[in-house]
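Trainee: In my numbering, the protein residues as written are 56 to 400. Beta carbons: idealized from backbone N, C-alpha and C, even for Gly. Bear in mind the structure is a predicted one, so any value in this text is a computation, not a measurement.
1) Applying the 10 Å Cβ sphere with the 16-neighbour rule, what's the burial state of residue 115?
2) Apart from the five residues just before and just after residue 304, which ones in its own chain have a Cβ nearer than 8 Å to its Cβ?
3) For residue 115, which of helix, strand or coil comes out of DSSP?
4) Between which residues of its own chain and residue 385 is the CB-CB distance below 8 Å, once the five residues before and five after are set aside?
5) Do residue 212 and residue 200 count as a contact pair if the criterion is CB distance below 8 Å?
6) Strictly by DSSP, which residues pair up with residue 330?
7) Per the contact definition of three or more C-beta pairs closer than 8 Å, is the segment 253-268 in contact with the segment 324-337?
8) Using a 10 Å radius around the Cβ and a threshold of 16 neighbouring Cβ atoms, would you call residue 265 buried or exposed?
9) With DSSP collapsed to three states, give me the class of residue 221.
10) May I ask you to report which of helix, strand or coil DSSP gives residue 189?
11) Is DSSP giving residue 153 helix, strand or coil here?
12) Judging by CA-CA distance, which residue of 394, 188 and 315 is the nearest neighbour of residue 282?
13) Please state the DSSP three-state secondary structure of residue 317.
14) In the segment 257-286, which residue ranges form an unbroken beta strand (DSSP E) of at least 3 residues, counting only runs that do not cross its ends?
15) By Cβ distance below 6 Å, which residues in the same chain neighbour residue 280 in space, the five residues on each side in sequence not counted?
16) Give me the Cα-Cα distance between residue 339 and residue 195, rounded to the nearest whole angstrom.
17) Using a Cβ-Cβ cutoff of less than 8 Å, which residues in the same chain neighbour residue 317 once the five nearest sequence positions on both sides are dropped?
18) What residue range is occupied by the uninterrupted beta strand (DSSP E) comprising residue 194?
19) Hey, quick one: how far does the alpha helix (DSSP H) through residue 296 stretch, first residue to last?
20) Hey, residue 221 and residue 186: beta-carbon distance below 8 Å or not?
21) DSSP on residue 83, reduced to helix/strand/coil?
22) Evaluate the contact criterion for the segment 200-209 versus the segment 221-237: three or more CB pairs, one atom per stretch, below 8 Å.
23) Pick from 308, 156 and 289: whose alpha carbon is nearest that of residue 298?
24) Can you list, in chain order, the residues of its chain whose CB lies under 8 Å from that of residue 378, leaving out five sequence neighbours each side?
25) For the beta strand (DSSP E) that residue 100 lies in, which residues bound it at each end?
26) How about residue 234 and residue 216: are their beta carbons less than 8 Å apart?
27) I need the DSSP call for residue 180, collapsed to helix, strand or coil.
28) Does the Cβ-Cβ distance between residue 249 and residue 376 come in under 8 Å?
29) Quick one: what's residue 366 bridged to in DSSP?
30) Is residue 102 buried or exposed, if buried means 16 or more other CB atoms sit within 10 Å of its CB?
31) For residue 295, count the other beta carbons within 10 Å of its own beta carbon; 16 or more makes it buried, fewer makes it exposed. Which is it?
32) The alpha helix (DSSP H) spanning residue 128 covers which residue range?
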């Protein structure tokens, strides 16, 4: 019978709690005194699915198929004697028993990962492992590392040029201290330092501009070759930067998708350096080319797309990471200010 004043849903949740409690009492040997690789592996699968809220989205992080994830969860539920998830469309939600279990083990796995990552960093004896988007790493960060070493020569920086989405598990598993990303993502499982919002504007060589004098008005850009970073950040539309800039200039009817596409902003910039057309320059990435005159900024106004540079860490920013974050923020601001103030024509 239902307890007085308790509805069916509350009764079901209470039943699940009692099932998990009973399972702990009757199967204590299996769960606690008999922790083995199968159970520990199942609990790890459970935490990832619970965090990702789906079997399909958890599979890549676990390096298995969706079917394998489902099977491991079924095995775990049978062993515990409790249902841990309910399906809601393409996602899953924790049952009361699942919520209780997740609350107990999630923090433990987090502590284990953090400690293992700390051990690995100590063994490698690398000051900072920094994952950075490729174009920013090659066009801006590497040329400025000498500035970092001039003030922090005892803190070595190992740069990894990487483009993939970042999350806590990747950073811990790959021993990444700091990630620098340019995107519009939310990083709820990481500590985030907002570095700056990027300013974008067209760039080209003076030679290309002089050869196309008759098309110098924004309304005539449909007669010129537009050069695109086909994916400015993970999941972005190919023309989002050109479309955003044209819209800000009051020229939204120009076909922003026309022209040549490249899979890195650096490649689009290099094509502009070869007089192939107009690239959509990000102030930070084209700073050095504008400074030495290899590229010009033919149209004055800049625009934004909402994408920002962010510094990501798995732990609160302090110590060496705080020092690096401060240097990075100042260096980015210096580059952006010099370009936006001095090179509009």
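Mentor: By the coordinates alone:
1) On the chain shown, residue 115 is found 60 positions in, with the first residue counted as 1. So residue 115 counts as exposed.
2) By one-based count along the chain shown, residue 304 stands at place 249. Taken in chain order, the residues that qualify are 273, 354, 356 and 358.
3) If you number the chain shown from 1, residue 115 lands on position 60. If DSSP states are grouped into helix, strand and coil, residue 115 belongs with the helices.
4) By one-based count along the chain shown, residue 385 stands at place 330. The beta carbon of residue 385 lies closer than 8 Å to none in the same chain, with the five residues before and after it left out.
5) As a position in the chain shown, residue 200 is number 145, starting the count at 1. As a position in the chain shown, residue 212 is number 157, starting the count at 1. The answer is yes: Cβ separation under 8 Å.
6) The residue you call residue 330 lines up with position 275 of the chain shown. According to DSSP, which records beta bridges pairwise, residue 330 is partnered with nothing at all.
7) Segments in contact, yes.
8) Translated into positions along the chain shown, residue 265 becomes position 210. Residue 265 comes out exposed.
9) As a position in the chain shown, residue 221 is number 166, starting the count at 1. Assignment of residue 221 by DSSP, reduced to helix, strand and coil, places it in the coil class.
10) In the chain shown, residue 189 corresponds to position 134, counting from 1. For residue 189, the three-state secondary structure derived from DSSP is helix.
11) Indexing the chain shown from 1 puts residue 153 at position 98. Residue 153: helix per DSSP, three-state reduction.
12) Within the chain shown, residue 282 is the residue found at index 227, counting from 1. For residue 282, the nearest C-alpha among the options comes from 315.
13) Indexing the chain shown from 1 puts residue 317 at position 262. DSSP places residue 317 in the strand class (E or B) of the three-state scheme.
14) DSSP runs (the beta strand (DSSP E)) wholly in the segment 257-286: 281-284.
15) For the purposes of this step, residue 280 is taken as the residue at position 225 of the chain shown. Excluding sequence neighbours, residue 280 sits near 314 and 332.
16) Position 284 of the chain shown, counting from 1, holds the residue named residue 339. Position 140 of the chain shown, counting from 1, holds the residue named residue 195. Taken atom to atom, the span from the alpha-carbon of residue 339 to that of residue 195 is near 7 Å.
17) As a first step, residue 317 is located in the chain shown; it is residue number 262 there, counting from the start. Excluding its 5 nearest sequence neighbours in each direction, residue 317 has C-beta neighbours in its own chain below 8 Å: 282, 283, 284, 285, 323 and 326, listed in chain order.
18) On the chain shown, position 139 is the one that residue 194 refers to. Neither: residue 194 is in no beta strand (DSSP E) and is coded neither H nor E.
19) One-based indexing of the chain shown puts residue 296 at position 241. 295-303 is the span of the alpha helix (DSSP H), which, as asked, contains residue 296.
20) Taking the chain shown and counting its residues from 1, the one referred to as residue 221 is at position 166. Taking the chain shown and counting its residues from 1, the one referred to as residue 186 is at position 131. It is a contact, given that the beta carbons lie within the stated cut-off.
21) In the chain shown, residue 83 corresponds to position 28, counting from 1. Low confidence applies here, because residue 83 scores a pLDDT of 44, under 50, leaving its location unreliable and the question unanswered by this model.
22) Judged by Cβ distances under 8 Å, the segment 200-209 makes no contact with the segment 221-237, as fewer than three pairs qualify.
23) To locate residue 298, count along the chain shown from 1; it is residue 243. The shortest Cα separation from residue 298 among 308, 156 and 289 belongs to 308.
24) What you label residue 378 is simply residue 323 of the chain shown in a count that begins at 1. These residues qualify, in order along the chain: 207 and 210.
25) Here the question's residue 100 lines up with position 45 in the chain shown. Counting along the chain, residue 100 falls outside any beta strand (DSSP E), though it belongs to the alpha helix (DSSP H) covering 92-107.
26) The sequence position of residue 234 within the chain shown is 179, counting from 1. The sequence position of residue 216 within the chain shown is 161, counting from 1. With a cutoff of 8 Å on beta-carbon distance, residue 234 and residue 216 are scored as not near each other.
27) Within the chain shown, residue 180 is the residue found at index 125, counting from 1. Because the pLDDT at residue 180 is just 49, under 50, the model does not fix this residue reliably, and the value given afterwards should be weighed accordingly. Residue state, collapsed to three classes: coil.
28) One-based indexing of the chain shown puts residue 249 at position 194. One-based indexing of the chain shown puts residue 376 at position 321. Their beta carbons are not under 8 Å apart, which means residue 249 does not touch residue 376 by this criterion.
29) Counted from its first residue, the chain shown places residue 366 at position 311. Partner(s): 235 and 248.
30) Translated into positions along the chain shown, residue 102 becomes position 47. Buried is the label assigned to residue 102, since at least 16 other Cβ atoms lie within 10 Å of its Cβ.
31) The residue you call residue 295 lines up with position 240 of the chain shown. By the neighbour-count rule (16 or more Cβ atoms within 10 Å), residue 295 is buried.
32) Along the chain shown, read from residue 1 onward, the residue named residue 128 stands at position 73. 121-135 is the extent of the alpha helix (DSSP H) around residue 128.
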